[in-house]
Amino acid sequence: MELFGSRAWMVAFLAFAAGLHAGAQNFPWNAAAIAAVVNVVAVPASIVGNEIALRLGRRRWILIAMLASGVFGIALALSAPLHWAIVLALLTTHAMLVMADSGTLTAGLIGSAPPALRGAAMGFYSLVGFGGGMLGPTLFGVVLDLAGGAERAAAWAWAYGAVGAGCLAAPLAVRLFGGGRAA
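Read in order, the letters of the sequence shown are residues 6 to 188 in our numbering.
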């Protein structure tokens, strides 16, 4: 949900943030160009994230990446009035953190599914992922509207928080329900 929610609204958020800046503080490129570059730059974070998981442990890395992406999403939204370089640094970091657990989650699924069920497991994984891809942008927009609209930085923070809520709740859920089994 967070991946597609944040990607779908990235250009609109950048347009909002750029609208808060004038003159020398203005963004160096248009919102669509920035979003395109950030999305391309963030892709390798999935591979790098899986390499980190091999060293730190899969469960630990997933929880770190999820918690960090949720926090950085809210920080990104609240950064809109700040200098464009801060906004772009937070945007890029957030996009990378959202991608950072992707390869690890996929590798964990393949590694833990019985060989005879790996295809079905991947199919279900894709179904859930793309279902979240449908719900994420919708949830983001609904929360943005309910929190006061696209002209309020606080509304953007609520929207980013809403799509990142699962990531923010994951460490608590694992602590409460995860038991001692290593991922």
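The C-beta atom is built at its ideal place from N, Cα and C for all residues, glycine as well.
The structure displayed is predicted, hence computed values, not measured ones.
For a cut-off of 8 Å, the C-beta gap from Trp89 to Phe32 is around 5 Å, short enough to register as a contact. Per DSSP, Gly62 lies in no alpha helix (DSSP H) and is assigned neither H nor E. The segment 41 to 61 makes no contact with the segment 144 to 161; the number of CB pairs closer than 8 Å stays below 3.
Judged by DSSP secondary structure, Ser11 falls within the alpha helix (DSSP H) whose first and last residues are Glu7 to Gly24. For Asp150, the enclosing alpha helix (DSSP H) covers residues Arg123 to Leu151. Boundaries of the alpha helix (DSSP H) around Ala178: Ala158 to Phe182. Out of Ile39, Leu72 and Pro49, the CA that lies nearest to the CA of Ala178 is found in Leu72. Assignment of Ala85 by DSSP, reduced to helix, strand and coil, places it in the coil class. Sequence-distant partners of Ala80 (beyond 5 residues in either direction) whose C-beta falls short of 7 Å from its own C-beta, in its chain, are Leu95. Contact annotation: Gly169 and Glu56 have beta-carbon atoms that are not nearer than 8 Å. Taking the Cβ atoms as the reference, Pro142 lies roughly 4 Å from Ala13, within the contact range of under 8 Å.
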